[in-house]
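**Q** Per the numbering used here, numbering through the sequence shown is continuous, rising by one, with the last residue being 106. Positions of the beta carbon are idealized from the N, C-alpha and C atoms, including for glycine. In this text the structure is predicted, and so the values were computed from the model without any measurement.
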Amino acid sequence: MKTKKQLTGVVVSTKMKDTVVVLVKSYIKHPKYEKFISSSKRFMAHDAGNTKTIGDKVTIEETAPISRRKRFKLI
């Protein structure tokens, strides 16, 4: 069985109903030049009942598509 991808990030927006926007930052080493690169990506995650606020540290898990842009849910 395939394991579901889990990411940790910070909530940056709670303006939508039952949805939060989570900013996930990564810090990886470039394979050829061996320089460390930081990058960030925003994911929309399902938050039933709007329980989180801006600044909360959360873990999100991959799930079946909930809407056009939501592919994650809060844990």
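1. Can you tell me whether DSSP reads alanine 76 as helix, strand or coil?
2. Could you check where the beta strand (DSSP E) with serine 57 kicks off and where it finishes?
3. Compute the Euclidean distance between the alpha carbons of valine 2 and tyrosine 64, then round it to the nearest angstrom.
4. Since threonine 39 and lysine 101 should fall inside the 8 Å C-beta cutoff, what is the C-beta to C-beta distance between them, to a whole number of angstroms?
5. Beta-carbon within less than 8 Å of phenylalanine 103's beta-carbon, same chain only, minus the 5 sequence neighbours each way: which residues are those?
**A** This is what the structure gives:
1. strand
2. 50-60
3. Nothing can be reported for residue 2, as the shown portion of the chain is limited to 32 through 106.
4. About 18 Å separates the two Cβ atoms, so there is no contact after all.
5. Leu38, Val53, Phe74, Met75, Ala76, His77, Ile91, Glu92, Glu93 and Thr94
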